[in-house]
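Report on one structure; see the data block that follows.
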Amino acid sequence: MGKEGKVEILKAQVAELKEKVKEAKGITPTRGIETMFRLTSKNHMELSALADNKANIMISINSIILSVIVSVLIRKLEEYPHMVLPAVMLTVVCLTTIVFAVLATRPNNTKGKFARQDIHNKETNLLFFGNFHNMRLPDYEWAMKEMMKDGDYLYGSMIKDIYFLGAVLGKKYKLLRLSYTIFMFGFVISVLTFILAELFLKAPYPY
Numbered sequence: 014m015g016k017e018g019k020v021e022i023l024k025a026q027v028a029e030l031k032e033k034v035k036e037a038k039g040i041t042p043t044r045g046i047e048t049m050f051r052l053t054s055k056n057h058m059e060l061s062a063l064a065d066n067k068a069n070i071m072i073s074i075n076s077i078i079l080s081v082i083v084s085v086l087i088r089k090l091e092e093y094p095h096m097v098l099p100a101v102m103l104t105v106v107c108l109t110t111i112v113f114a115v116l117a118t119r120p121n122n123t124k125g126k127f128a129r130q131d132i133h134n135k136e137t138n139l140l141f142f143g144n145f146h147n148m149r150l151p152d153y154e155w156a157m158k159e160m161m162k163d164g165d166y167l168y169g170s171m172i173k174d175i176y177f178l179g180a181v182l183g184k185k186y187k188l189l190r191l192s193y194t195i196f197m198f199g200f201v202i203s204v205l206t207f208i209l210a211e212l213f214l215k216a217p218y219p220y
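Mapping of the sequence shown onto our numbering: residues 14 to 220, in sequence order.
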């Protein structure tokens, strides 16, 4: 076999390898990949529900403390003026804790609409309700069918959905951690302030 014949064989082998690479790139995701998407989304939703429960615990505890302060302590401040500063401090701590806990559970406001051009450009994630809740059913059905025709668009939307779920979780847990930290240190400091006020600021009894 001559040199030219070997070159032709090599070219044919290269062309065959290129075809195999193209086929490999177009392989449909396996059941394992679909299971990964499903489990990841489920885990994110469970973590979101857990964060909401923790935020509700913070709101409930601090609401009870504020109720006690308003109903019992404030009425006694005239008799115990040295308790004004600790009472104000504890009130501020509870209110701040509640604010951050509420911020952790507050939903984001979205327009809930998309244009057909967004679907053609693969710019809208149809798996997130915030992108379609104000759309008509026929428009949403059309968009979903268009997405299901395109494997890259479908799995790209699933990836975006998981990413944005994670981004929301990160923000939620950051605010929740801040709420717990404020409550933990603020409550301890407030209790110490109550003790110090009782020991050093309390007016002596008249004899």
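Here a beta-carbon is modelled for each residue, glycine too, at the ideal position from N, C-alpha and C.
So the candidates are the options; which of them puts its Cα closest to the Cα of residue i?
i, options, result
"S170", "K135, K55, I111, P94", "K135"
"A156", "K55, N138, I172", "N138"
"N221", "V85, H146, T48", "Outside the shown range of the chain (14 to 220) lies residue 221, about which nothing can therefore be said."
"D131", "Y153, A114, K67", "Y153"
"M71", "R190, T206, G45, I202", "R190"
"L52", "I175, E159, L86, A100", "I175"
"R149", "K162, K126, K158", "K126"
"E47", "I172, K89, I87", "I172"
"D163", "I82, H133, R88", "H133"
"K55", "A128, K158, G179", "G179"
"K158", "K67, R129, H57", "R129"
"F177", "L140, V83, R88", "L140"
Have a look at residue i and residue j and give me their C-alpha separation to the nearest angstrom.
i, j, result
"T194", "N69", "15 Å"
"S192", "L103", "14 Å"
"L188", "V112", "10 Å"
"L116", "S61", "14 Å"
"Y186", "D65", "9 Å"
"T109", "F200", "11 Å"
"N144", "G183", "20 Å"
"V106", "Y168", "45 Å"
"L221", "V101", "There is no way to answer for residue 221, as the model of the chain reaches only from 14 to 220."
"R119", "Y166", "30 Å"
"V181", "H57", "10 Å"
"F196", "I74", "10 Å"
In three-state terms, what does DSSP make of residue i?
i, result
"H133", "helix"
"M161", "helix"
"A128", "coil"
"P120", "coil"
"H95", "helix"
"R44", "helix"
"H146", "coil"
"F3", "As shown, the chain starts at 14 and ends at 220. That puts residue 3 outside it, with no answer to give."
"N138", "coil"
"L90", "coil"
"Y186", "helix"
Any 3 or more C-beta pairs closer than 8 Å across the stretch 203-214 and the stretch 85-102: yes
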